[in-house]
Each structure stands twice: as C-alpha cells, then as structure tokens.
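*Asks:* Numbering-wise (UniProt numbering), the sequence shown opens with residue 1 and increments by one.
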Amino acid sequence: MAGSCAELPRGDDGLRFLCAKFSSLITRLREEVLARRRAEAAQRQLEQRLQEQAAFWEAERARWDLERRGLREELLATRREAGAEPPREAAPAPALGGGDAGTGAQLRRAEELARLRRERVQLLAEQREVSEELVDCREHLTRWRRTSADHEARAEAAGRGRDEAEGRVRLLQDELRQALRSASAARTREAAAKVCAGRGAREARSREARLHALRTEGQRCARRASSAERRL
C-alpha cells in the first residue's frame, strides 16, 4: 500500500496525503484486530483454566459429600449401637468372691460407651468442618462461574468489535483502491492531454514556419517586381 502511494507523481499531493492517511488508518485497525485476537486467545486460556478449576472443585465436592455420607453412616451406626445397649440396672450385691466378672464387664461397657460418645462428638465436629468447607467451595465456584460469564460476555463483545473493525478495514481498502484507480485514470487523461497539446504546438510551429516562408517569398517577389519596374 505504501509502495502504491510512493508511485504517485509529485503533483498529486492531495491524493498522496489521502493514501498515507488511509494506510495509517488501516495499519492501526489491523493492530487493533491483532490485539483483540490476542485478548480472545488469553480469554480462551482463562476460560479453560476456569473450567479445569470448576471440575476440580466439583470432584472435591463429590469427595467431601462421600466422606460426609460415610461419617453420617458411622454416626448413625454409633447411635444405633449406643441405643441398642440395654439400660444398666442396679448391680446386686456381689456374692462371696463371685461379682468381679460382672463388675469388669460393666466397666468395659462404660468405657466403650464413653469412647463411642467421644467419637460421636469428634465426627460431629468433622462434619461441621466439612460442611463449612463445602459451603466455601460452593461460594468460590459461584464466583468463578460469574467471572467466567463476564469474560464470555467480554469475548463476545471483542468478537463483534473485531468483525466491525475488519469490515471498516475492507471498506477503507475498497475506497483506497477506487481512489488509486481514479488517480490512474486522471494520469492517463493528463498524459493524453499533454500528447494532444504537444501535437497542437508542433502543428502551430509548422504553420508559423510555412507562413514565415510565404512572407519571405512574397517579400522576395515584391523586390523583384520593384527592380523590374525600375528597369522599365
């Protein structure tokens, strides 16, 4: 495009300026299109990372749900075991040397029940912690999805702007080609006019030369006639 502008003759300053202006505008629009394409590529990479992050958090949520169900089942089993134990009654007075076995069994049951209660409390605390983490993950996933939707909207707007810029570039290129064709036609007409003017100038000089020759011949004839009259 710049080469076409450089080929114009020196007299076409206005067309040269217009050509340079169109060339700079087309270059700027192309740079804008390239920048938008780079932004779209970065947007696609960001969307891919967001999708991978969302898939990771979905997998984590599924794992936490599975762990929570397992903890809940263990808690229910613990509750069933604790509820299935028969209520303790007042122990009868130990017989002579024969109550040690019953007392040991009761102590073991009491220790087992205390252990189950401690495990139940621990499982409830872990369940609350997992539930809080799950809520945080859901909020984080919601924010990521909202951010992804915003970026998708920006990418669509950038695509529309790119299409509009490419349309303007094509329109300016068409206008520039039309201007160059008009300039070429004007140069052709100017050259034809110069040729015609040169031909007319040569014809005028030829006529002047013939007229001068006729005048010279007339003057010579007049001098001869005067000389002949004097001799007579």
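For glycine and all other residues, C-beta sits at the position ideal for the given N, C-alpha and C. In this text, all values refer to a predicted model and were calculated from it rather than measured experimentally.
#1: Take S206 and list the residues in its own chain whose beta-carbon comes closer than 7 Å to its own, dropping the five residues that flank it on each side.
#2: Between R30 and V169, is the Cβ-Cβ spacing less than 8 Å?
#3: If we count the other Cβ atoms within 10 Å of its Cβ and call it buried at 16 or more, is C19 buried or exposed?
#4: Given the structure, does A149 come close to the ligand NAD, in the sense that its CB is under 7 Å from one of the ligand's heavy atoms?
#5: Kindly list the residues whose CB is nearer than 7 Å to the CB of E74, restricted to its own chain and excluding five residues on each side of it in sequence; keep chain order.
#6: Report, in whole angstroms, the separation of the C-beta atoms of T78 and L116, which I expect to be a contact under 8 Å.
#7: Taking just the CA atoms, how far does Q45 sit from R61?
#8: Would you mind giving the Cβ-Cβ distance between E47 and H151, rounded to the nearest angstrom? I have them listed as a contact below 8 Å.
#9: Just how far apart, CA to CA, sit S227 and E217?
#10: Could you tell me how far apart the beta carbons of Q53 and W144 are, in whole angstroms, since I believe they sit closer than 8 Å?
#11: Quick one: residues in its chain with C-beta nearer than 8 Å to the C-beta of A35, no 5 flanking neighbours on either side, listed in chain order?
#12: Can you tell me the Cα-Cα spacing of D163 and A39, whole angstroms?
#13: Does the Cβ of L214 have 16 or more other Cβ atoms within 10 Å, making it buried, or fewer, making it exposed?
#14: In angstroms, rounded to a whole number, what distance separates the CA positions of V121 and G104?
*Replies:* On the basis of the supplied data:
#1: Within the sequence shown, residue 206 is the residue found at index 206, counting from 1. Correct list: empty, nothing qualifies.
#2: Taking the first residue of the sequence shown as 1, we reach residue 30 at position 30. Taking the first residue of the sequence shown as 1, we reach residue 169 at position 169. Yes, these two residues count as a Cβ contact at 8 Å.
#3: Along the sequence shown, one-based indexing puts residue 19 at 19. C19 comes out buried.
#4: The model on display carries no ligand, and the ligand NAD is accordingly not part of it.
#5: On the sequence shown, position 74 is the one that residue 74 refers to. Closer than 7 Å at Cβ, skipping near neighbours: L123.
#6: Counted from its first residue, the sequence shown places residue 78 at position 78. Counted from its first residue, the sequence shown places residue 116 at position 116. About 5 Å; that satisfies the 8 Å criterion.
#7: Within the sequence shown, numbered from 1, the residue matching residue 61 stands at position 61. Within the sequence shown, numbered from 1, the residue matching residue 45 stands at position 45. Looking at the two C-alpha atoms, the distance is approximately 24 Å.
#8: Along the sequence shown, read from residue 1 onward, the residue named residue 47 stands at position 47. Along the sequence shown, read from residue 1 onward, the residue named residue 151 stands at position 151. Yes, E47 and H151 are in contact; Cβ-Cβ is about 6 Å, under 8 Å.
#9: Residue numbering aside, residue 227 sits at position 227 when the sequence shown is read from its first letter. Residue numbering aside, residue 217 sits at position 217 when the sequence shown is read from its first letter. Spanning the two alpha carbons is a distance of roughly 15 Å.
#10: Here the question's residue 53 lines up with position 53 in the sequence shown. Here the question's residue 144 lines up with position 144 in the sequence shown. Indeed they touch by this definition, with Cβ atoms about 6 Å apart.
#11: Counted from its first residue, the sequence shown places residue 35 at position 35. No residues qualify anywhere along the chain.
#12: By 1-based counting over the sequence shown, the position of residue 163 is 163. By 1-based counting over the sequence shown, the position of residue 39 is 39. Rounded to whole angstroms, D163 to A39 spans 14 Å at the Cα level.
#13: Residue mapping note: residue 214 aligns to position 214 of the sequence shown, counting from 1. Its Cβ having fewer than 16 others within 10 Å, L214 is exposed.
#14: Reading the sequence shown from its first residue, position 121 is the one you call residue 121. Reading the sequence shown from its first residue, position 104 is the one you call residue 104. Going by the C-alpha atoms only, they are around 26 Å apart.
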